[in-house]
Amino acid sequence: MKILPDLSAISNSVPETRASVGKPCSGNRLLVEFGSCEVGEQQSATFYLVNQGEELPIRFRLPRIAHFRAKPQQGLIKPDTQQMIRVDFVPKQYGTFFVEQRILVLGQQWNEQKCKMTMDHVIYETAVMFHARSHLTTQLPRVKFNPGIVPLVANEVGYSTDLVTFGSNYPCPRTAVVGRTGATTIRGLPFHTHQEWSKWLKKHGTASLSGQNLARGTLIAFPNDRAWSVRPAQKSIDMRTPFCRVSRYTYVDPDYEFTDQETAHHRAHIHPYAQLIRDHAEYTRQFSRDTTLARWEKPPFYGLIPYIAEPEEKPLQLSEIKEAKSRDIYKNQ
0 MKILPDLSAI SNSVPETRAS VGKPCSGNRL LVEFGSCEVG EQQSATFYLV
50 NQGEELPIRF RLPRIAHFRA KPQQGLIKPD TQQMIRVDFV PKQYGTFFVE
100 QRILVLGQQW NEQKCKMTMD HVIYETAVMF HARSHLTTQL PRVKFNPGIV
150 PLVANEVGYS TDLVTFGSNY PCPRTAVVGR TGATTIRGLP FHTHQEWSKW
200 LKKHGTASLS GQNLARGTLI AFPNDRAWSV RPAQKSIDMR TPFCRVSRYT
250 YVDPDYEFTD QETAHHRAHI HPYAQLIRDH AEYTRQFSRD TTLARWEKPP
300 FYGLIPYIAE PEEKPLQLSE IKEAKSRDIY KNQ
């Protein structure tokens with residue numbers, strides 16, 4: 000049996016998908032490059048199993064491996080024919096994959112326990128190498144409403160509704176007014192809100208393009224979205240009701256609320272402590288990394304133990320002894 004790459008896929012592939020090709024290797028093996036693929040997507044490649052025999056067929060089987068799906072996984076190749084194998088790379092996690100797909104050729108063998116011939120005896124084995132990479136793509140949150148949860152008079156609330164503004168074009172259901180009435184429309188508003196809305200538009204100068212963008216960028220406070228009502232820390236965000244377009248009420252008493260100076264003083268007070276905690280956490284992480292890498296930072300050991308020997312003393316000569324004695328006699332005199 001011989002393994003051949005799919006040459007037609009190489010010639011007919013576009014530059015973006017030309018990575019899914021095969022390269023013959025030594026030992027009747029094949030290296031299939033799948034290239035890069037996103038997690039959850041699919042990349043395909045094909046190769047051929049050739050039966051070079053002229054009389055006997057070949058039964059084969061491909062064991063299952065993670066992230067790769069081979070079709071067909073088993074079959075019979077008639078004499079002097081070939082079988083196309085399609086492999087789909089479906090990554091479940093990101094990373095680089097270099098795996099080996101075993102190809103087993105099955106034959107008959109006598110089973111003494113069952114007293115019959117078995118057809119799953121492996122008589123020949125080869126492999127195909129798969130090399131692929133997968134990466135993750137960050138997906139931004141999308142606005143999604145949940146219809147049917149609340150009555151008709153209230154707006155639906157779902158996921159990421161804090162991204163909805165008066166100038167958005169999201170397909171809001173039922174009574175949601177986004178995209179149906181412009182940001183500067185004042186028809187149908189009560190008298191007590193008509194004047195306030197007009198003053199607000201005049202204050203931001205909706206005649207200019209920047210003022211219109213500011214008015215259209217105002218966030219909508221849906222009636223049953225109480226999460227925005229308990230966020231006094233984000234007072235700079237302008238939230239208005241969808242119909243009357245008045246400022247959203249927050250459950251904060253201004254008599255007991257921190258002023259801007261008190262808030263700045265409080266943040267300046269906690270900043271050194273927060274920075275100390277961050278520095279200590281970073282020091283702990285760095286110490287852990289250094290401890291892990293300490294074994295690789297040591298010099299390599301080649302089996303040689305350094306040894307520093309003391310210099311060997313030479314035997315004294317007779318002349319040196321006589322000279323030393325003469326010096327001692329001269330000093331004593």
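The sequence shown begins at 0 in numbering that gives the first Met the number 0 and counts up one residue at a time.
Here a beta-carbon is modelled for each residue, glycine too, at the ideal position from N, C-alpha and C.
Keep in mind that this is a model prediction, so the values were computed, not measured.
Burial check for residue 51: the Cβ neighbour count within 10 Å stays below 16, so the residue is exposed.
Put simply, of 28, 69 and 216 the residue whose alpha carbon is nearest the alpha carbon of residue 42 is 69. Under the DSSP assignment, residue 33 falls in the beta strand (DSSP E) whose first and last residues are 28–37. Contiguous alpha helix (DSSP H) elements confined to the segment 72–130 do not occur, taking only those with 4 or more residues.
For residue 42, the secondary structure class from DSSP, reduced to helix, strand or coil, is strand. Between the C-alpha atoms of residue 44 and residue 269 there is a straight-line separation of about 58 Å. Contact between the segment 107–124 and the segment 78–95 is absent, with fewer than three C-beta pairs closer than 8 Å. Taking the Cα positions, residue 28 is about 16 Å away from residue 62.
Going by DSSP, residue 276 is part of the alpha helix (DSSP H) stretching over 259–296.
Residue environment analysis places residue 101 among the exposed positions, since fewer than 16 neighbouring C-beta atoms fall within 10 angstroms of its C-beta.
Shortest Cα-Cα distance from residue 240 to any of 217, 32 and 325 involves 217. In the three-state reduction of the DSSP assignment, residue 236 falls in the coil class, being assigned neither a helical nor a strand state.
Closest option to residue 34, judged by alpha-carbon separation, among 97, 274 and 263: 97.
When only Cα atoms are considered, residue 105 and residue 74 end up about 10 Å apart.
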